[in-house]
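Counted from 1, the sequence shown has number 429 at position 429 by full-length UniProt numbering; the numbering is strictly sequential.
Written below as structure tokens is the structure these notes are about.
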Amino acid sequence: MNEEQTALFTIFGATGDLAQRKLYPSLFRLFRKGFIKEHFAVIGTARREWSDDYYREIVTTSINSLKPTEEEAKAFASHFYYQSHDVTDTTHYTNLKNLADKLDAEYNLEGNRLFYLAMAPNFFGTIVNHLSSEKIMTENGFNRLVIEKPFGTSYETAAELNEQIRAVFSEDQIFRIDHYLGKEMIQNISAVRFGNNIFESLWNNRYIDNIQVTLAEDLGVEERGGYYDKSGALKDMIQNHILQVVALLAMEAPNNFTEKEIREEKIKALNAVKIYNEQEALDNFVRGQYVANRFKNEDIISYVDEPNVNPESRTETFVAGKLEINNFRWKGVPFYIRTGKQLSTKAARINIVFKATPTNIFSQEDICEKLPQNILTIYIQPTEGFSLSLNGKEPGPGFEIDPVKLDFRTPTDVVANSPEAYEKLILDALQGDATNFTHWDEVSQSWRIVDVIRQAWDNDSQPIPTYPAGTMGPAEAFDLLAKDQHEWVYKPDEWYREHGLL
Ligand code: NAD
């Protein structure tokens with residue numbers, strides 16, 4: 001039996017893409033499961049003049065794919081109210097307060113308020129100031145602020161934004177969303193590591209050769225060209241999602257699996273990531289931009305020809321890099337990371353490559369010249385699960401070494417029914433659990449790591465390496481590992497090449 005939560009949600013940016021694609025469906029899933037039932041209400045705000053009825057129609061349409069019954073959809077949508085609101089206009093907050101107080105009394109919401117800022121970050125400061133000055137925050141219940149990425153565009157801007165927010169909300173009232181942290185398999189990293197002695201006891205520089213994190217996308221910038229051209233892959237993916245994954249992989253075991261202790265360990269891990277100087281950044285990080293190509297029988301245009309992208313743009317759509325973590329556990333183990341748009345496939349996975357056996361006793365007998373290294377792969381997307389590659393004997397009269405794979409994938413119907421990342425995160429915020437949100441200390445350290453790479457690239461006038469759309473990035477991304485006598489384990493592009501699709 002799921003415990004009913006009581007709260008008033010105020011969504012800023014209620015007409016936007018995020019609200020319609022993610023927030024309403026996630027709220028509906030929570031409604032269906034009984035986490036929100038009678039004692040909740042949602043105020044949607046944005047500039048447009050919408051009526052409650054029209055807003056409810058939009059909300060109903062946004063949950064269509066979840067196939068609600070007519071009755072369910074109606075009951076759910078009846079909790080939604082719309083308030084036309086320009087966030088820069090103080091008088092509008094008076095209307096908002098009146099509506100909030102009215103709904104609080106009507107639905108018995110006990111003063112619990114969750115403010116969701118699904119808007120561009122340049123409005124965050126003014127919104128939180130007004131929430132406080134116009135007394136929209138309550139004294140009797142909880143007041144929590146959920147914020148979308150990006151949190152700043154550099155350490156400096158993030159610190160400024162943080163200061164504005166912290167003037168009103170304390171750190172434990174702030175929930176900075178990184179939807180990657182809501183994904184089942186990301187949370188499973190800790191289960192795999194700390195629930196299995198065979199892994200955790202090998203989880204260090206004595207047994208691990210290198211770690212690889214790939215978050216690949218198979219689409220271009222679509223209609224987000226304007227936003228993306230100002231951001232690029234480094235800020236859009238590395239600063240948040242990838243560094244969070246690295247922190248979870250690298251952290252020490254927390255004493256207990258609690259929010260505070262996990263967070264402390266993640267922060268320590270991020271603090272141990274070496275901050276490069278500009279030359280080191282150029283040596284250890286590679287950027288790339290996709291160019292037109294024919295892939296899977298389709299013509300894909302170059303990044304610079306995408307709508308709302310500057311035709312002279314030097315924005316990177318791909319990043320690969322090597323991180324060093326300078327502590328006892330990881331010294332000497334490279335963490336290779338890569339992400340990009342228009343790559344061969346959409347996939348997120350982690351490869352933990354174990355060291356080779358100390359000696360290969362099979363080589364002199366010509367059984368096996370080079371023993372494949374054991375690899376633990378954690379699959380995050382599109383399938384979820386993990387596999388371990390081992391070497392065994394090929395069945396039969398002779399003696400040949402044959403690599404085998406122990407492979408577990410969560411069945412697709414379980415994946416389909418498991419909570420969506422946003423659903424999990426909204427429930428966490430309702431329950432006041434910030435484990436899967438990013439703390440300011442993590443955000444700030446991640447910016448420090450990334451800022452110098454940005455600076456190095458901004459000061460570098462060399463042409464940006466390019467890669468044909470549908471491949472796994474520029475040649476430089478492969479050279480980066482080859483320099484260390486390593487290679488990317490995950491090579492989806494080879495499959496497409498072999499099948500004549502690339
Ligand atoms: P969007 O442009 O679709 O929506 C923006 C919303 O803000 C609209 O409802 C608009 O009416 C409202 N708005 C703009 N100016 C306003 C003003 N002065 N007063 C009141 N309302 C105003 O944007 P989105 O894609 O929904 O993204 C919202 C935020 O979430 C952004 O910060 C974005 O970076 C972040 N985000 C979005 C996604 C996504 O999948 N769309 C994913 C991750 C993060």
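Glycine is no exception: its CB is placed at the ideal position from the N, C-alpha and C atoms.
- Given a length threshold of 4 residues, each whole run of the alpha helix (DSSP H) inside the segment 211-297 is given here in chain order: 225-233, 243-250, 259-272, 278-284.
- Counting only runs of at least 4 residues, the segment 108-141 fully encloses the following alpha helix (DSSP H) elements, listed from N- to C-terminal order: 124-133.
- According to the DSSP assignment, residue 12 belongs to no alpha helix (DSSP H) but to the beta strand (DSSP E) extending over 7-12.
- Residues 47, 92 of the same chain have their beta carbon placed closer than 7 Å to that of residue 86, with the five preceding and five following residues left out of the count.
- For a cut-off of 8 Å, the C-beta gap from residue 184 to residue 384 is around 6 Å, short enough to register as a contact.
- Distance check between residue 146 and each of 425, 477, 502 places 425 closest, using alpha-carbon atoms only.
- When Cβ pairs closer than 8 Å are counted between the two stretches, the segment 42-61 is seen to touch the segment 69-77, the count reaching three or more.
- Boundaries for residue 328: no beta strand (DSSP E) harbours it, and the DSSP string shows neither H nor E there.
- In terms of Cα proximity to residue 348, the closest of 135, 491, 325, 88 is 491.
- Exclusion of the five residues before and after residue 304 leaves 311, 313 as the residues of its chain whose Cβ lies within less than 6 Å of its Cβ.
- Residue pairing for residue 56: DSSP places it in no beta bridge.
- Distances between the C-beta of residue 176 and the heavy atoms of the ligand NAD are all 6 Å or more.
- Residue selection by CB proximity (closer than 7 Å to any heavy atom of the ligand NAD) returns 12, 13, 14, 15, 16, 17, 18, 19, 21, 22, 45, 46, 47, 48, 85, 86, 87, 88, 118, 119, 120, 121, 123, 148, 149, 150, 179, 227 in chain order.
- Distances from the CA of residue 213 to each of 161, 350, 270, 466 were compared; the closest alpha carbon is that of 350.
- In the DSSP secondary-structure assignment, residue 24 is not bridged to any residue.
- Excluding sequence positions up to five before and after residue 221, its CB lies within less than 6 Å of the CB of 228, 306, all in the same chain and listed in chain order.
- The C-beta separation of residue 353 from residue 209 comes to about 5 Å, placing the pair in contact by the 8 Å criterion.
- Between residue 421 and residue 141, the CB-CB gap reaches or exceeds 7 Å.
- In the displayed model, residue 468 falls within a strand according to three-state DSSP.
- DSSP places residue 182 within a helical segment (H, G or I) once states are collapsed to three.
- Taking a 10 Å sphere around the C-beta of residue 342, we find 16 or more other C-beta atoms and assign the residue as buried.
- Secondary structure within the segment 41-94: the beta strand (DSSP E) runs of 3 or more consecutive residues, fully enclosed, are 80-84 (chain order).
- Annotated three-state conformation of residue 336 is strand, per DSSP.
- DSSP assignment within the segment 444-497 yields the following whole beta strand (DSSP E) runs of 3 residues or more, N-terminal first: 466-468.
- Residue 36 places its beta carbon less than 7 Å from that of residue 5.
- Sequence-distant Cβ neighbours of residue 392 in its own chain, meaning closer than 6 Å and more than five residues away, are 402, 404.
- The three-state secondary structure of residue 190, taken from DSSP, is helix.
- Annotation: residue 398 to residue 192 spans about 36 Å, alpha carbon to alpha carbon.
- Residue 294 counts as exposed, since fewer than 16 other beta carbons sit within 10 angstroms of its beta carbon.
- Within its own chain, the residues whose Cβ lies closer than 6 Å to the Cβ of residue 324, once the five positions on either side in sequence are excluded, are 274, listed in chain order.
- A Cβ-Cβ distance of about 19 Å is found for the pair residue 196 and residue 333, leaving them out of contact under the 8 Å criterion.
- Contact annotation: the segment 126-143 does not touch the segment 22-41, with fewer than three C-beta pairs closer than 8 Å.
- Scanning the segment 366-433 from its first residue to its last, the whole alpha helix (DSSP H) runs of 4-plus residues come out as 412-417, 421-431.
- Apart from the 5 residues on each side of it in sequence, residue 257 sits with its Cβ closer than 8 Å to the Cβ of 190, 194 in its chain, given in chain order.
- Under the criterion of beta carbons closer than 8 Å, residue 174 and residue 450 do not qualify as touching, at roughly 21 Å.
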